[in-house]
Amino acid sequence: MRKTLVLGVIGADVHAVGNQILNYAFTEAGFHVVNLGVMVSQEEFIEAAIESAADAIIVSSLYGHGELDCQGFREKCDEAGLKGILLYVGGNIVVGKQPFEEVEKRFKAMGFDRVFGPGTPPEVDIACLHEDLADK
Amino acid sequence: MRKTLVLGVIGADVHAVGNQILNYAFTEAGFHVVNLGVMVSQEEFIEAAIESAADAIIVSSLYGHGELDCQGFREKCDEAGLKGILLYVGGNIVVGKQPFEEVEKRFKAMGFDRVFGPGTPPEVDIACLHEDLADK
Amino acid sequence: MQLSNKKWDLDYFMSQREEVLKAWPTGSEVDLDEAIAYQAQIPKEKRFVTKLNEAIKAGKTLIQPRAGVPLINEHIVLLNHLEQEGEADLLPTTIDSYTRLNRYEDAQRGIEESKTSGKAMLNGFPAVNHGVSGCRMVTSALKAPVQVRHGTPDARLLTEITIAGGFTSYEGGGISYNIPYAKNATLQDTLFFWQYTDRLIGLYEDAGISINREPFGPLTGTLVPPCVSNSVAILEALLAAEQGVKNITVGYGQCGNLIQDVAAIRTLKQQTEEYLHRFGYKDVTVSTVLHQWMGGFPADEAKAFAVICWGSAVAALANATKVIVKTPHEAMGVPTKEANAAGLRATKQVIMMLADQAIADGERLEKEMAIIHEETDCILSRTLELGEGDAVLGTIRAFEAGVIDVPFAPSRFNAGKIMPARDNNGAIRLLDVGRLPLNDKLVAYHKDMIKQRADAEHRGVSFQMVIDDIYAISKGRLVGRPQ
Amino acid sequence: MQLSNKKWDLDYFMSQREEVLKAWPTGSEVDLDEAIAYQAQIPKEKRFVTKLNEAIKAGKTLIQPRAGVPLINEHIVLLNHLEQEGEADLLPTTIDSYTRLNRYEDAQRGIEESKTSGKAMLNGFPAVNHGVSGCRMVTSALKAPVQVRHGTPDARLLTEITIAGGFTSYEGGGISYNIPYAKNATLQDTLFFWQYTDRLIGLYEDAGISINREPFGPLTGTLVPPCVSNSVAILEALLAAEQGVKNITVGYGQCGNLIQDVAAIRTLKQQTEEYLHRFGYKDVTVSTVLHQWMGGFPADEAKAFAVICWGSAVAALANATKVIVKTPHEAMGVPTKEANAAGLRATKQVIMMLADQAIADGERLEKEMAIIHEETDCILSRTLELGEGDAVLGTIRAFEAGVIDVPFAPSRFNAGKIMPARDNNGAIRLLDVGRLPLNDKLVAYHKDMIKQRADAEHRGVSFQMVIDDIYAISKGRLVGRPQ
Ligand code: B12
Ligand code: B12
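Protein sequences appear in the order of chains A, B, C and D.
Heads up: the first sequence at position 39 corresponds to 39 in our numbering, and the numbers run straight through without jumps.
Here our numbering = 1-based position in the second sequence + 1000.
Here our numbering = 1-based position in the third sequence + 2000.
Here our numbering = 1-based position in the fourth sequence + 3000.
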């Protein structure tokens, strides 16, 4: 069955280019994509995921406030009945050039299943999605 | 009294531009300069210093072989009766970008009174010469 | 009041002002007369306008970074470093994204968390929260003049606080800080908000304090055709001038093709002056700014230096009044002060090496200039027609109609119908002209140029070309050709 | 044998050869037939000539570093790194300074001390000491073709060993590896030595093995006027062609002024082909190389990147066949492999961004080309006149007479009468034309251009200008103006 992804750029972030490309690439790769575009709140992500019975939520953050914007996202998902939903985050998710291992650790601690560094190409995300959604 | 300097680029080194500029700058600054140009052997330096009763020998090395070329220079000076003559070395005196403190230490151990790093402007050398030759 | 391109009545402005200053406690610190007096004692050589005018006269290109961190002292250290180690001629204060959306409480949280974590948790300087006194600590600590750089749809309070805070230049505009920076903000709202900003600057002008204004030229920074960004810049210049602004820097984001870039900067200056004159604004000084490559950067620092240096060369050859400088960290995140200074020093070296040089003029350059000139005239005349002669109404209707259309913009109020791609020489053309009111000759020209490239690459014209071009510079080339 | 520009008799060559191979024990490893067989099995894509011809056809600019360390394994690691991490299209092996002066015993000491100290004690790769087998270890370990780069007045044994060792390109010439690289070597000697080298390459050509030859274009790298370096390159091309060389890359060191640099590269190619044809060498393929700034570099790495990138832009805009790349460590010393690769990556990025672009042609470029063309013709026709039609004799007499004169050269056999300085646009002109046989119009032109600059700087024409220009780039500018 075709898997459904909810896609969007979190917070007050308006970086629209990568989002449009991810939308295109995921769709080409055979996913059903619910693209919320830029400036998406945690609530909007969750609402859309419930409505579309999504298999995964793909969060982009480019502008540096990712760490503030993502706080408590997993807990909100749990509360909304999306327990265990696949959560990805990627982009330039923190302010500045920081060692990726540390950043990854912090976001994994926040409950994200996978964390991607700056400029990860869509091929990589797609490969991971296939892997993570295979047994679901 | 006008002080006399012997100037030259040591070894198999042909970098001629800096030498021409130092010649010009030292002369302008009032020194009597015996300029041996490029590709000067330790023997030629010493001979010229004896002949001109020089107050200092200014060795340039740009091409990287400075460390090999300068070995034993102080000893040769001593043997030739130039005991205590002021010996400067400057330019790109070792191969590659190395910590200057270490390079300086090695060349001072070889008997050079002052050691100058890449691109030292003539003003600096002249100031040092005035200081070191003041009491002579 | 009915929105139109008319200078605001002073009383009306003052009544609005009362509301604006209430939006956050620091608003109460602003006293216009005191602020004018404060601005009046800033030495001439620390004013933006002075530096720009000197540069125009000497034919020089000044260099300016982007930079902003959440805390005042750290911000001063940062700007000091860029001035001393980066040889910056002009300084910025980049505002954080929460402030840009008037989310001052989130900004406050960012300030607090930055203090406790010892890490910058905001992507810029929250000037509103720091207030007039905080801003003055910054602007008075530096030798070079300082500009506010942001991306704020409703920047009214920010303008009040920062200009009272001693900044002498202010970036943005009702179009350029909406379409690329917002999703749901209407042009009606943002044009109105920016009339406020411009009217305030106009008041300072009336008091003899000249503040530089700079529409944000690059828009989305991604394959924006020169005619689109030039049209927006010219419109914003007209709107600002009407409210009393007298010193304007029109901007442009480097496209990557030398001839197109030089042609764009030259026509931008020419046509801005042309339109200002035509509408009777005869005492406005126009300067230009080139932004080094505003799209995706290569992650490798050596390659990033290459992109920076090529942008610097273009700025010098186009004789832009200033150049906004990127850093070797661009692809990764907000740069360290060292990386920022390195970008500046590289830029300074290129600018100085090219200071006495100009591009060889010639037919190709003239042709490119003629094309941009004609395209821009097509867009602007239709815009003004739609507005029945009024630039504000025209702007709103032009965006509705797709007559002005910014590629890859997040705004709901942007048509998003045009599709840009590079031609075979790397110049940006239109693969799909959308509803831009270009004449048939121009439409055919774009089509032809794109087709020439497709033929050279042995492939059909398609969206894949656009994607390839978006990635191209970050992958080490200008034109995204199939491998 | 009387020295003249005549192809060497084979027997004569062979008799000389016996002596040459005896100069150092590794000479005995060379067997010409075996070497030709070895060269014949090197795959096409690992040959210099193949890559250059492909680049000419595609209008591409290839990138090549300089690099060499004393020990074989370290040298392979270095070149591998430059190929993998630096994206180099062509590889070098830079020879150390002792080998360049045939001081093989000193080189041996350098090898030993490098082994014991763990530090590189030589400034390059001592190929003669490593012998044919050592060279083959290097050339066979890499994907890209490898060239010998040096500065050796008498390179006969080095040529024998390295070409037998699998190198497919060889830099140098009897003028360009004498005047800037030696003090006491006569041109009689070095022209003779290089006839040997070229005759040997000619023998490989006869056997169907095409080896690229590259006169060293930049000479002293310091304010060399294009007409001087172009004249030398053309003469060396003529001498090489006479001995049977069929593939020549003529070179030029970036001067810093875009128009002059593009004009120089274009006229260099044109006039080299013109003169080769005129003297009956019709089957020689000519390519070009631009050397990024060859004078003193800024110590700051960001600024060094700027110099590197601007050189890359010029190479691309001039459409040189290849560009020789500097590194951010240039001012400090022989670069680490990482710094070398960084210089290459920056260069690659610029080259690729400009791959599809060309400079706007125009009057200024044409004028500059006409000037260089005319100057070079003045120098070469007087040189050939002095040689009574013979290019070898002409060269010797021209240097004696100061008709060819390289600024700042260490050689006793160079007149050292000309004095170059930049004009007001940064192009290199002659403050003193010395005894260059320029016609009155050209002499007046140089005088006028220098005077314009002096006037702009409110100072008289003087040697201080020259000094200022020598320091300029390392101090962050092109023209050394008073502060
Ligand atoms: C273009 C651009 C802009 C444009 C955006 C126009 C628009 N509306 O889209 C403008 C000029 C308006 C802009 C504004 C700002 N920007 Co900006 N911008 C960029 C820039 C240069 C390129 C972004 C881009 O389009 N890249 C091309 C696309 C294709 O790549 P991408 O966005 O990275 O997305 C890809 C991957 O990241 C990945 N990906 C993305 N999300 C996810 C998620 C998952 C799960 C996975 C697996 C992968 C993935 O896939 C995408 C497709 O390939 C980047 C720096 C860079 N990357 O070079 C800075 C950058 C993102 N911006 C930055 C900043 C700070 C800002 C501003 C705050 C300040 C400013 N400089 O003006 C404002 C923010 C406004 C806001 N509220 O968001 C910073 C962020 C800093 C940080 N994180 O530390 C950056 C990194 C620049 C920098 N080094 O300072 N920006
Ligand atoms: C131009 C140049 C050349 C020209 C020289 C032409 C000529 N005959 O003069 C050419 C192209 C021929 C050349 C050849 C080589 N060069 Co070269 N060259 C340079 C370059 C780019 C500039 C030198 C210059 O003229 N500078 C301008 C003058 C004014 O400055 P200066 O020479 O540094 O001298 C000033 C100061 O150093 C100081 N100073 C000098 N001596 C002294 C002494 C004292 C006591 C004091 C106080 C001060 C002082 O005052 C001078 C005047 O201001 C430098 C790198 C750089 N600096 O950017 C490399 C450089 C010196 N060369 C280098 C090398 C390795 C070579 C070659 C071996 C290989 C090659 N690359 O081809 C050959 C060597 C040939 C030989 N046998 O010597 C290396 C040396 C490496 C090292 N030390 O680790 C350098 C540093 C480049 C590099 N990073 O690899 N080179």
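Glycine included, every Cβ here is placed at the ideal spot set by N, Cα and C.
Please read all numbers here as calculations on a predicted model, not as lab measurements.
*When D:Gly3480, D:Cys3135, D:Ser3312 are compared against Pro3420 (chain D), the one with the closest alpha-carbon*: It is D:Gly3480 whose Cα lies nearest to the Cα of Pro3420 (chain D).
*Measuring CA to CA, which of C:Asp2033, C:Asp2031, C:Gly2068 is closest to Pro2335 (chain C)?*
Put simply, of C:Asp2033, C:Asp2031, C:Gly2068 the residue whose alpha carbon is nearest the alpha carbon of Pro2335 (chain C) is C:Gly2068.
_Proximity test, Cβ basis, 8 Å: Met2419 (chain C) and chain D_ = Met2419 (chain C) does not count as touching chain D.
_Cβ-heavy atom distance, Val3228 (chain D) to ligand 2, below 7 Å_ = For ligand 2, not one heavy atom lies less than 7 Å from the Cβ of Val3228 (chain D).
*Is the Cβ of Pro1118 (chain B) closer than 8 Å to any Cβ of chain D?*
For Pro1118 (chain B), the closest Cβ of chain D is nearer than 8 Å.
*asked:* Using C-beta distances below 7 Å, list every residue in its chain close to Gly3305 (chain D), excluding the 5 sequence neighbours before and after it, in chain order.
replied: Reading off the sequence, residue 3305 (chain D) comes out as Phe, not Gly. Result list for Phe3305 (chain D): Pro3328, Ala3346, in chain order.
*Taking just the CA atoms, how far does Gly3362 (chain D) sit from Cys3227 (chain D)?*
Cα to Cα, Cys3227 (chain D) sits roughly 21 Å from Gly3362 (chain D).
*May I ask which residues mark the beginning and end of the alpha helix (DSSP H) holding Gln98 (chain A)?*
Neither: Gln98 (chain A) is in no alpha helix (DSSP H) and is coded neither H nor E.
*When D:Arg3213, D:Glu3074, D:Ile3324, D:Met3465 are compared against Asp3423 (chain D), the one with the closest alpha-carbon*: Asp3423 (chain D) has its Cα closest to that of D:Met3465, out of D:Arg3213, D:Glu3074, D:Ile3324, D:Met3465.
*Using a Cβ cut-off of 8 Å (strictly closer), state whether Leu3101 (chain D) contacts chain B.*
Answer yes: the Cβ-Cβ gap between Leu3101 (chain D) and chain B drops below 8 Å somewhere.
*Say whether chain B places a C-beta atom closer than 8 Å to the C-beta of Phe3408 (chain D).*
Closer than 8 Å to some Cβ of chain B, the Cβ of Phe3408 (chain D) qualifies, so yes.
*Quick one: which unbroken beta strand (DSSP E) runs of 3-plus residues sit fully inside the segment 2311-2391 of chain C? Chain order, please.*
Restricted to the segment 2311-2391 of chain C, the beta strand (DSSP E) segments that are unbroken, complete and at least 3 residues in length are 2322-2324, listed in chain order.
_Proximal residues of chain D, C-beta to C-beta of Leu2258 (chain C) below 7 Å_ = The answer, in chain order, is Gln3357.
*When we look at the beta-carbon of Arg2 (chain A) and count the other beta-carbons within 10 Å, is it buried (16 or more) or exposed?*
So Arg2 (chain A) ends up on the exposed side.
*If Ile2161 (chain C) and Phe2125 (chain C) are in contact, beta carbons under 8 Å, what's the gap, nearest whole angstrom?*
With a Cβ gap of about 12 Å, Ile2161 (chain C) and Phe2125 (chain C) do not count as contacting.
*Name the two residues that bound the continuous alpha helix (DSSP H) containing Pro1122 (chain B).*
Start and end: 1122-1133.
*Hey, would you say the C-beta of Thr3099 (chain D) is under 7 Å away from at least one heavy atom of ligand 2?*
Because no heavy atom of ligand 2 lies under 7 Å away, the Cβ of Thr3099 (chain D) does not count as near it: no.
*Using a C-beta to C-beta distance shorter than 9 Å, which residues of chain D count as neighbours of Asn1092 (chain B)?*
Neighbours of Asn1092 (chain B) on chain D, chain order: Ala3331, Met3332, Gly3333, Val3334.
_Phe3297 (chain D): CB within 7 Å of a non-hydrogen atom of ligand 2_ = Yes, ligand 2 has a heavy atom inside 7 Å of this Cβ.
*asked:* Using 8 Å for Cβ pairs, my map puts Ala2318 (chain C) next to Leu2290 (chain C). What's the rounded Cβ distance?
replied: Yes, they are in contact, since the Cβ atoms of Ala2318 (chain C) and Leu2290 (chain C) sit about 6 Å apart, within 8 Å.
_Let me see if you follow: with CB-CB separation under 8 Å, is Glu131 (chain A) close to chain C or not?_
Not one chain C Cβ lies under 8 Å of Glu131 (chain A).
*To the nearest angstrom, how far is it from the Cα of Ala3120 (chain D) to the Cα of Ser3114 (chain D)?*
CA-CA distance, Ala3120 (chain D) to Ser3114 (chain D), rounds to 5 Å.
*Can you grab the Cα-Cα spacing for the pair Gln2271 (chain C) / Glu2375 (chain C), in whole Å?*
Cα to Cα, Gln2271 (chain C) sits roughly 11 Å from Glu2375 (chain C).
_Suppose you measure from the CA of Tyr24 (chain A) to the CA of Gly3296 (chain D); what does that come to, to the nearest Å?_
Linking Tyr24 (chain A) to Gly3296 (chain D) through their CA atoms gives a straight-line distance of about 50 Å.
*Kindly indicate if chain C contains any beta-carbon less than 8 Å away from that of Gly64 (chain A).*
Interface flag for Gly64 (chain A) against chain C is set, since a Cβ pair is found closer than 8 Å.
_Looking at chain D, is there any beta carbon in it that lies within less than 8 Å of the beta carbon of Val1059 (chain B)?_
The beta-carbon of Val1059 (chain B) is placed no less than 8 Å from the nearest beta-carbon of chain D.
*asked:* Please return the same chain residues whose Cβ sits closer than 7 Å to the Cβ of Glu3029 (chain D), not counting the five positions on each side in sequence.
replied: Here the set comprises Gly3131, Val3132, Ser3133.
*asked:* Below 9 Å on C-beta distance, what does Gly3426 (chain D) contact in chain C?
replied: Here the neighbours are Met2353, Leu2354, Ala2355, Asp2356, Gln2357.
*Between the Cα of Gln2041 (chain C) and those of C:Ser2411, C:Ala2164, C:Lys2022, spot the shortest distance and give me the residue it belongs to.*
Out of C:Ser2411, C:Ala2164, C:Lys2022, C:Ala2164 has the C-alpha closest to the C-alpha of Gln2041 (chain C).
*Is the distance from the Cβ of Leu2386 (chain C) to the Cβ of Val2403 (chain C) below 8 Å?*
Yes, the pair counts as a contact, with Cβ atoms nearer than the cut-off.
*Rounded to whole angstroms, how far is the Cβ of Leu3239 (chain D) from the Cβ of Asn3005 (chain D), which I believe are closer than 8 Å?*
Rounded, the Cβ-Cβ distance is 6 Å, consistent with contact.
*Can you list, in chain order, the residues of its chain whose CB lies under 8 Å from that of Val3286 (chain D), leaving out five sequence neighbours each side?*
Same-chain partners within the cutoff: Ala3237, Ile3248, Thr3249, Val3250, Lys3269, Thr3272, Glu3273, Leu3276.
*Within the 8 Å Cβ cut-off, does Ile2404 (chain C) reach chain A?*
Interface flag for Ile2404 (chain C) against chain A is unset, since no Cβ pair is found closer than 8 Å.
*Should Val1124 (chain B) go down as buried or exposed, given a rule of 16 or more other Cβ atoms within 10 Å for buried?*
The residue is exposed, with fewer than 16 neighbouring Cβ atoms inside 10 Å.
*Taking only the alpha-carbon atoms, compute the straight-line gap between Phe2167 (chain C) and Gly3333 (chain D) and give it to the nearest angstrom.*
About 44 Å.
_Can you tell me whether Thr3152 (chain D) is helix, strand or coil according to DSSP?_
Three-state DSSP puts Thr3152 (chain D) in coil, outside helix and strand.
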